[in-house]
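Working notes, beginning with the structure itself.
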Amino acid sequence: MEPLEQLHARLLSAFPGAEISIVNNPGPAAQHSLLLPAALAREIAFFLRDDPALRLDYCSNVTGIDWLKAGHIEVVYHLYSMALKHGPVIIRLRTANRTDAVTLPSLTPVWRACEFQEREVFDLYGVVFDGHPDLRRILMWDEFKDHPMRKDYIEPDDYEWEPTPHGAIHDKAKAHYPAAVTPAEGAAKP
Amino acid sequence: MIASDISPLASRLSSGAHTRAVTDPFHGDLLEVSMGPHHPSTHGVFRMQVTLDGETIVKLKPVFGYLHRNHEKLGESTSYLGSMPYTDRLDYLNSMTNNWAYALAVEQLAGQPVPERAEYLRVILAELTRLLNHTCLAGFLLQDCGCSGTPLMYAFREREKILDLFEALSGSRMMCNFQRFGGCRTDASPEWLAAAKQLTDGYGAFLDEYERLITGNEILMARTQGVGALKPDLAISAGITGPMLRATGVDYDLRKVDGYGFYPRFEFRVPLGDHGDTYDRYMIRVLEMRESIKIIQQAFATLPAGPVMDPKAKLRGFRPKPGEAYGRIEGPRGEIGFYLVSDGTPNPYRYRVRPPSFVNLTLLEDLCLGHTVADAVIILGSIDIVLGEVDR
Amino acid sequence: MLGSGLLSGLAVTAKNLVGSFHDPARLTTVEYPEQQAKLPEAYRNFPFLVSENATDPMGTLRCVACQICEKECPPQCIYIEKSKDKKPDATGKLQLYPAIFDIDTSVCMSCQICVEVCPFEAIKMDQVFAIATTDRFDALLLKREQLAKPNAYYHTIHPTEAAEVDARLATERKAAAEKAAAAAAAKAAAPKPPAPPPAA
Amino acid sequence: MNADSILERGPLLVRDWLVSFLPEPARWLAGSLLAITAVIVAFASLFALLTLIERKVLARVQNRPGPNRVGIPLTKIRLFGLGQPLADGIKMLTKEDIVPRSADRVLHFLAPVALLAFAILTFAVIPFGRHLVPVELEAGVLYFFAAGAATELAVFMAGWASRNKYSLLAAMRALAQLISYELPLLLSVVPVVMLAGTLSTTGIVERQGGWTFGLLPQWHVFTPWGAAGFAIFFVAALAESNRSPFDLPEAESELIAGHLTEYSGFKYALFFMAEYFGMCALCGMGVTLFLGGWQAPLSFLAFIPSYIWFGAKLMTLLLAFMWVRATLPRLRIDQLTRLAWKFLVPLALVNLGVAAFWSLSADWTGAVRLTRWLIAAMLLAGPFVLLGRKLTAGLAPRIYRYAT
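Residue numbers (the numbering used here), protein chains in the order written: chain A, 1 to 190; chain B, 191 to 582; chain C, 583 to 782; chain D, 783 to 1186.
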């Protein structure tokens, strides 16, 4: 497969003016990725899928990453080609912020494989995918409020009393029991 | 008389509008059935919201998450090593391959080499896992087809032998927790290798008997051939992997494509189906088992001596440099991948599992539409899901 | 021809029906409480603490309450409190010991990571699996006294592994003793106990 | 053997002795009641035994020992698990009887009762031995199938009354199955009636007495039309008694437990019992019509009482049912009906023709007898192969390619 720099240059020539940049991976894996502008993401995805030299017809993995400090949520797509047996090409989309501008274009029209995985990212990270055919919660129940995979997610205080010996959870759980009940009694009369 | 008058359902399906009013004075009422989460054939707590026209499915929505425990959040709040036993519990039938996929991702993340003997052991264990999983699937699928337990029991008899091997090696039957970053936890003793070799050599005979029992069975063929046929284009687009993809005729096996581990050193073939239906999905697995036996036998013949753990590998205080890695292997159900982002701390910043059975479920509705309830059950069975992995 | 597949299946089941009466390779089940399958040596269930001496298990625990296992345990089922004082261990060295060592077996997932990370060979995996109780809470919380088991027990359940561990410990202790002796000879002073091991 | 030997007449003598204590006018009624009681008790114990045997056979086929724990209570004596049916019965009796709130309570209660009643009714005309037929009916065969068909109605009742979607689907399946399989069942019997010239079950059994060359019993199953008829009867009987591979109303992997989903406790046990009764009755009829009823297979074995022969044959058929159940997967409802209408019914009709030929060629003698056999067999084999090919069109084991 062509090097990422070359692909980057080709993308820039195919989509002039688009803010496509290479995100370097400093680790030993050296799986570098392309950061795409959200507005053009679907067109670029179609290009990646249909370009005869690339033919990235298989979207393997869709991941959300919550960058709490940077203040955005990233969605990472790992693309491979089943036809040409190469890959991965990793593309990233970023939301503008973590609160109100969390909409990204859905790539489900490009790869059906994104259908459930984007639903999962929506469910767990709260990224809204524009153009997704069926954007509902998938792992959590429909009435659930927050997005648990966000780094600032506060877990609900709904512990039951358990005599687990480790401290923090034990303390939280104890708050739900009347003060008079000692652990032994609590165990006897749940 | 035009076709649509004879079969209103077919016309609805072809026009793409496969939903209609539940009450319809012309065609009779539709029946909405919630199959699951407590249903004998949903392989765990899985639910299918099915709308039926008679017994024909006109709409099906998979509902899951009943077993959701936010595995990925757990992974982000424990150390790299601490996630290893949790990966056992993803696809609890195939903990060895889960371990390997996770170890591979971490090794890529940290640039950790693996000794040769450990790679061989991993191949042996992964192929034993494939045998185990496909055997189970064959049993479960036949159970879904309505066999009174006989194929399932034969499958479990053989599976038990493999589990005994796993137990002797790792200490646990299903939650093996065996792979480590940079090798395997313990070495296999010569007695273990002898026992494993004996099992592998006898496995072909079991498969022969199993196939005599059921493969040529007319009822099975009638039930599975042409049921839930999947087109290769759709399969690729939907990210279907593993035997389900290869049953549609797409040649994509990560053991060949990525050549991870020492798979390029072994000679094996990748069976491909032509119809992509339930029967092909079943048969591809049976044929893959025969290839797995060959791989294991080759691995036994060429197993090198040496350590199984890289001496520089760290167990405690393992902190990979900042970076990210996506490691994937060909699990028995398809591509199982782990995506890890490290920020230099002992815990991964992002820990993501790419579960094959979750993605393979994408097409459940497409496969089931127009078929009956009985077919939906075996289509689901042939997709081969494990809810521990789907729900995570 | 229609029926050939059915007949071949019927032949297989008939063979198995007959075979289960005379062929031990076919009838593989064990009748559990009376007969028990032999556990492999590697089998692991819940952890226990190794003590050097059967008569005084509390006094000779190998555990020095370094709390590494507590920190590394993925489901966080171990709770340790260090002692305030020090007691001599098996080699006579003064060591901290766990004042409280609890393992919540209702949380433990038998992953063996505590065993792997322990630098003192102090915690090992037990093979007792029939631990059903009528109390879901306290009876499943194993205390230090329930966890402590002598080294001889370790030898009975994991003989190969225990022999290796003992040999390794012996060489380590010998080396430590020689080092201490050398240090003592060098200093030619009253031998002070060597520095405590690196507690976390 | 002497038809009037003491062993042969034993049950009758016991009955006569018992009723002789009663005044003359009550004797007929008491005798009948005694026969009914005997049949019910015998088959209830057979049912208890069968549940155990079935589980044992299934277990052995699956390489397990099967239930083997329950023996004599409070002792360690296990008796191969013979106490299991009793324990099951006690368990069923002590279980709570749950009726869904929205269920039709009357029908929900009536369904198992009706099913059991119809199943018991069918025993009336089966000749269990030379002198042992509860009711001698001229049109016994007709009566049997009329009563037997009603059992599916009870299954429908159960499914409908439960107000459960799975039960409803099961009810519909049961009706489809009833309509489809009653026909081949009856058509497979017509040749027997045609050649025996009687609708009476005792008459049919008596026609099957005697041995060709003193060796081959003259049972209907040993003729080409009889073998084919028996095969059709066997398949249709499997379907009629909702046994695997035709256990669609109770399809465990699809419909939870089908019409039984909302039944628990003793009502469930009644269903279970009725299904086994139905199975026994159909097997008994199969034995009567095709396997020579109570006739001994070889002439020198005729000293063994006739009812023992009947029981042995019955058990063989029941074991065959279990064997089939242990092996085969379930059909789908459309395949089930297709098998009936496109394969069994045409084959049964062809068989009717073969039976007619057999009847017309009854006076062929010598070497021509062999030709008679050959012609009849050919007449059946041809349609069997052709129809079978049509039925399994497009279905075949496949050859797979490998990636290069």
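Glycine residues also receive a C-beta, built at the ideal position from the N, C-alpha and C atoms.
| query | result |
| --- | --- |
| Proximity below 8 Å, CB of D/V1069 to CB of D/F1048 | no |
| Proximity winner among B/R582, B/D581 and B/L577, relative to B/G234 (alpha-carbon distances) | B/L577 |
| C-alpha distance - B/D441 paired with B/E520, whole-angstrom precision | 13 Å |
| Own chain residues within Cβ distance below 7 Å of B/S197, not counting five before or after | Below a pLDDT of 50, predicted positions are generally treated as unreliable, and B/S197, at 35, falls in that range; the measurement from the model is reported next regardless. None. |
| Identity of the residues DSSP links to A/Y77 by a beta bridge | A/V62 and A/I91 |
| Any chain B beta carbon closer than 8 Å to D/L1035 | A small fix is needed here, since residue 1035 of chain D is Ser in this sequence, not Leu. Yes, contact with chain B. |
| Residue range of the beta strand (DSSP E) that includes C/P732 | A730 to P732 |
| Residues near C/P670 by beta carbon distance below 8 Å, same chain, minus five either side | L676 and Q677 |
| Between the CA atoms of B/F330 and A/L124 - distance to the nearest angstrom | 32 Å |
| Contact under 8 Å by Cβ, B/L410 with B/C335 | yes |
| Proximity winner among A/A18, A/P88 and A/H32, relative to A/A41 (alpha-carbon distances) | A/A18 |
| Element boundaries [beta strand (DSSP E), containing B/D243] | R237 to D243 |
| Where C/P629 falls, given that 16 or more other Cβ within 10 Å makes a residue buried | buried |
| CB of D/V1136 within 8 Å of CB of D/A1158, strictly | yes |
| Closer than 8 Å to chain B by CB, A/M140 | yes |
| Pairwise C-alpha distance: C/K731 and C/S694 | What sits at residue 694 of chain C in the sequence shown is Gln, not Ser. About 17 Å. |
| Reduced DSSP category for C/D684 - H, G, I as helix; E, B as strand; rest coil | strand |
| Chain B contact residues for C/V699, given Cβ-Cβ distances below 7 Å | L505 and R506 |
| Min CB distance C/A781 to chain B below 8 Å | Low confidence applies here, because C/A781 scores a pLDDT of 46, under 50, leaving its location unreliable and the question unanswered by this model. |
| Segment contact flag, the segment 608 to 620 of chain C with the segment 265 to 278 of chain B, C-beta cutoff 8 Å, min 3 pairs | no |
| Neighbour flag for B/P252 against chain D, beta carbons, 8 Å | no |
| Neighbouring residues, chain B, relative to A/P26 (Cβ below 8 Å) | K511, P512 and G513 |
| Near-chain C residues of the segment 364 to 383 of chain B (beta-carbon distance less than 8 Å), N- to C-terminal order | M365, N367, R375 and T376 |
| Residues bridged to D/R842 [DSSP beta-bridge criterion] | BP columns for D/R842 are empty, so no partner. |
| Beta-carbon neighbours of B/F458, restricted to chain A and to distances below 7 Å | Ordered by position in chain A, no residue passes the 7 Å Cβ test against B/F458, which lies about 17 Å from the chain. |
| Beta-carbon spacing of B/M238, B/A564 below 8 Å | no |
| Residues that B/K251 bridges to, as DSSP identifies them | B/Q239 |
| Any C-beta of chain D under 8 Å from that of B/P461 | yes |
| Through-space distance from D/M954 to D/V937, alpha-carbon basis | 10 Å |
| Any C-beta of chain D under 8 Å from that of B/S194 | Reliability of the predicted coordinates at B/S194 is poor, the pLDDT of 32 falling under 50, and the value obtained from them is presented with this limitation in mind. So no, B/S194 is outside the interface. |
| Spatial distance of D/G1176 from D/G1148 (CA atoms) | 45 Å |
| Contact set between C/L608 and chain D, taken where Cβ atoms lie within less than 8 Å | For the sequence presented, residue 608 of chain C should be read as Arg rather than Leu. Those are N845, listed as they occur along chain D. |
| Euclidean distance between Cα positions of C/A619 and B/I573 | 34 Å |
| D/M1160 to D/L977 span [Cα, whole Å] | 20 Å |
| Members of the segment 393 to 420 of chain B near chain D, C-beta cut-off 8 Å | L403, I404, T405, G406, N407, E408, I409, L410, M411, A412, R413, Q415 and G416 |
| Buried or exposed (CB count within 10 angstroms, at least 16 for buried), A/A180 | In this prediction, A/A180 has a pLDDT of 49, which is less than 50 and means its spatial position is unreliable; what the coordinates show is noted afterwards. Label assigned to A/A180: exposed. |
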